[in-house]
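Protein chains in written order, with the numbering used here: chain A, 1250 to 1322; chain B, 303 to 728. Below you'll find the structure, written out as structure tokens, and then a few comments.
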């Protein structure tokens, strides 16, 4: 299982979403993608739900969000 | 930790929700401009002239409010964590009567046919009631707090006041009761400074640092600025027609000038110095607001000889220069993004989704900016030199047609992309 990590902190919208979507298109079924982002990506959740991805969001102490995304089996 | 999927798909309303408001909006701006081209400069001799009232409502309701309502329904889930319930139904119930009312009310001002006034009251009253109910339901569930959600709350209350004052004015215009001067003055103040101004200020506190990578607004501004603006509106309304009233509106002008100056200062200190056309629209809007605010500040002090013309200038600068420019700049950003986003929502991983610039690119945006700035410059000239009136409003008509064409092209490109991706993925 591969783990990829992309940091989109500080990028103006819609660049974070563009970069995450690009990464999702190449995400294999047993890979996980961790997105590090400075605000909760509400619209990304909507895309993930629609395309049957599973995600977990953690709010770090420094106020940064980490979203771990996997394809649902 | 938030496990997914637990979020409703209604977080992102369907594309038709904002687009139904956007696509028709330029038509109202075009109608307003053509009306002024036909009527000539006398139509704006006073803002209480029937033609001036018709044009103001075509632009304020048909263009500005339509674009703002469409955008608010789109943005609420993102900036406030509060989607509008049943967005397609609400959008239809708000949009159709709002568009009809935005045509019927100006028709009444021009023709004085009583049925058009009653129909306008019915359609606009219904549309705004549905919108206010939906937005209040949504804001009550908002997860975010001040200043953005607070700004939305106070803007919503202001829209309610403006609509209520408008309803009080209707029987006065119908000649059923005599005109109460205070009501007539307060209606545009709450509609423009309250509904448009408070919403723009509240949303700016979040979107300017987010989209333009500026430093954040100072904490004291975030906390107190919107409530102070609202309190000034309330005090000015309570002092209505008293000798103190003009000075309160002067103070309100000063507050809006401070917002324009601070936002311009923050934009000068943005981290990424790219010059996308939406920034140009922002700067045009803030310059218009600054000039408009200064006119408002000095209006009671310098005994401006012809206040009717000053009032006309204030309304044109606020509606066309400030609100109009911001709406155009926002549409340039949001329309290509929404086309791209909704294609990804359907076709992610099933084929190459075109880049956002394919729907409405920066080059087209820069051309629109030049057309818009030229129109505004000519409008400013026409305010000082009446013979430029027809040329200026013709330029506004071109501006509206240009915007409408860009929006229609973006929609057609979106539909073509849907068909191509659907065919490729079957």
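We put the beta carbon where it would ideally sit given N, CA and C, even for glycine. Keep in mind it's a predicted model, so treat the numbers as computed, not measured.
Please list the partners that residue i has in chain A, where partner means a Cβ-to-Cβ separation under 7 Å.
i                      : result
residue 646 of chain B : 1270, 1296
residue 740 of chain B : Examination of residue 740 of chain B is not possible in this model, given that chain B is present from 303 through 728 alone.
residue 314 of chain B : 1292, 1295
residue 639 of chain B : 1263
residue 643 of chain B : 1292
I think residue i touches residue j, with their Cβ atoms under 8 Å apart; what is that distance to the nearest whole Å?
i                      : j                      : result
residue 425 of chain B : residue 461 of chain B : With 8 Å as the limit, residue 425 of chain B and residue 461 of chain B do not qualify as a contact, their Cβ atoms being about 16 Å apart.
residue 631 of chain B : residue 584 of chain B : 6 Å
residue 422 of chain B : residue 434 of chain B : So it is not a contact: roughly 17 Å between Cβ atoms.
residue 440 of chain B : residue 394 of chain B : That belief does not hold up - the Cβ atoms of residue 440 of chain B and residue 394 of chain B are roughly 17 Å apart, past 8 Å.
residue 376 of chain B : residue 400 of chain B : Residue 376 of chain B to residue 400 of chain B, Cβ: 16 Å. No contact.
residue 749 of chain B : residue 683 of chain B : For chain B, the structure presents residues 303 to 728; residue 749 of chain B sits outside this window and is missing.
residue 404 of chain B : residue 466 of chain B : With 8 Å as the limit, residue 404 of chain B and residue 466 of chain B do not qualify as a contact, their Cβ atoms being about 18 Å apart.
residue 412 of chain B : residue 352 of chain B : 6 Å
residue 450 of chain B : residue 510 of chain B : Actually they do not touch by this definition, with Cβ atoms about 11 Å apart.
Who are the near neighbours of residue i in its chain, counting only those whose CB is closer than 6 Å to its CB and skipping five residues on each side?
i                       : result
residue 498 of chain B  : 625
residue 653 of chain B  : 723, 726, 727
residue 306 of chain B  : Bear in mind that the predicted position of residue 306 of chain B carries a pLDDT of just 43, short of 50, making it unreliable; the figure below should be weighed with that in mind. Closer than 6 Å at the Cβ level, and outside the excluded window around residue 306 of chain B, lies no residue.
residue 346 of chain B  : 354, 614
residue 609 of chain B  : none
residue 1290 of chain A : none
residue 1277 of chain A : none
residue 372 of chain B  : 320, 323, 324
In or out: residue i buried (at least 16 other Cβ within 10 Å) or exposed?
i                       : result
residue 265 of chain B  : Outside the shown range of chain B (303 to 728) lies residue 265 of chain B, about which nothing can therefore be said.
residue 555 of chain B  : buried
residue 344 of chain B  : exposed
residue 570 of chain B  : exposed
residue 505 of chain B  : buried
residue 538 of chain B  : buried
residue 1250 of chain A : exposed
residue 357 of chain B  : buried
residue 567 of chain B  : exposed
residue 1311 of chain A : exposed
residue 1264 of chain A : exposed
residue 526 of chain B  : exposed
residue 628 of chain B  : buried
residue 667 of chain B  : buried
residue 320 of chain B  : buried
residue 323 of chain B  : buried
Give me, in chain order, the residues of the same chain whose beta-carbon lies closer than 8 Å to that of residue i; leave out the 5 immediate sequence neighbours on both sides.
i                       : result
residue 1299 of chain A : none
residue 437 of chain B  : 374, 378, 386, 454, 458
residue 317 of chain B  : 640, 641, 644, 716
residue 673 of chain B  : 697, 700, 701, 704
residue 797 of chain B  : Past the edges of chain B, shown from 303 to 728, lies residue 797 of chain B, and the structure says nothing about it.
residue 342 of chain B  : 691, 692
residue 534 of chain B  : 550, 553, 554, 557
residue 1292 of chain A : 1266
residue 646 of chain B  : 655
List the residues of chain B that residue i touches, going by C-beta distances under 8 Å, in chain order.
i                       : result
residue 1284 of chain A : Here the premise fails: no neighbours, minimum Cβ distance about 12 Å.
residue 1273 of chain A : 650, 651
What in chain A is Cβ-close to residue i, meaning under 8 Å?
i                      : result
residue 667 of chain B : By Cβ distance, chain A contributes nothing, its closest Cβ being about 15 Å from residue 667 of chain B, past 8 Å.
Less than 7 Å between C-beta atoms, sequence neighbours within five positions excluded: which residues of the same chain meet that for residue i?
i                       : result
residue 1272 of chain A : 1253, 1255, 1282
residue 559 of chain B  : 592, 595, 596, 599
residue 662 of chain B  : 634, 637, 638, 708, 712
residue 1308 of chain A : 1314
residue 1297 of chain A : 1304, 1318
residue 544 of chain B  : none
residue 532 of chain B  : 456, 500
residue 432 of chain B  : 392, 395, 396
residue 664 of chain B  : 578, 579
residue 410 of chain B  : 418, 419, 422
Using a C-beta to C-beta distance shorter than 9 Å, which residues of chain A count as neighbours of residue i?
i                      : result
residue 383 of chain B : 1289, 1291
residue 515 of chain B : 1259, 1260, 1261
residue 505 of chain B : In chain order: nothing, as chain A lies at least about 14 Å away.
residue 379 of chain B : 1291, 1292, 1295
What I want to know is whether the C-beta of residue i ends up closer than 6 Å to one or more non-hydrogen atoms of the ligand HEM.
i                      : result
residue 684 of chain B : Within the structure as shown, the ligand HEM is missing, as the structure has no ligands at all.
*Touching or not, the region 664-679 of chain B and the region 697-712 of chain B, by the rule of three or more beta carbon pairs under 8 Å?*
Enough Cβ pairs lie closer than 8 Å, so yes.
*asked:* Three or more C-beta pairs under 8 Å: does that hold for the region 413-430 of chain B against the region 315-332 of chain B?
replied: A contact is defined here as three or more CB-CB pairs under 8 Å, and the region 413-430 of chain B fails this definition with respect to the region 315-332 of chain B.
_Does the structure place the region 654-668 of chain B close enough to the region 592-605 of chain B that three or more beta carbon pairs sit under 8 Å?_
Taking 8 Å as the limit for Cβ pairs, the verdict is that the region 654-668 of chain B does not touch the region 592-605 of chain B.
_the region 640-648 of chain B contacting the region 707-723 of chain B, beta-carbon criterion three pairs below 8 Å_ = In this structure the region 640-648 of chain B lies against the region 707-723 of chain B, because at least three pairs of beta carbons, one per stretch, are closer than 8 Å.
*Would you call the region 1279-1296 of chain A and the region 1304-1320 of chain A in contact, with 3 or more CB pairs under 8 Å?*
Short answer: they touch.
*Is there contact between the region 483-495 of chain B and the region 616-623 of chain B, where contact requires at least three CB pairs shorter than 8 Å?*
As far as the Cβ criterion goes, the region 483-495 of chain B touches the region 616-623 of chain B, which means the pair count is three or higher.
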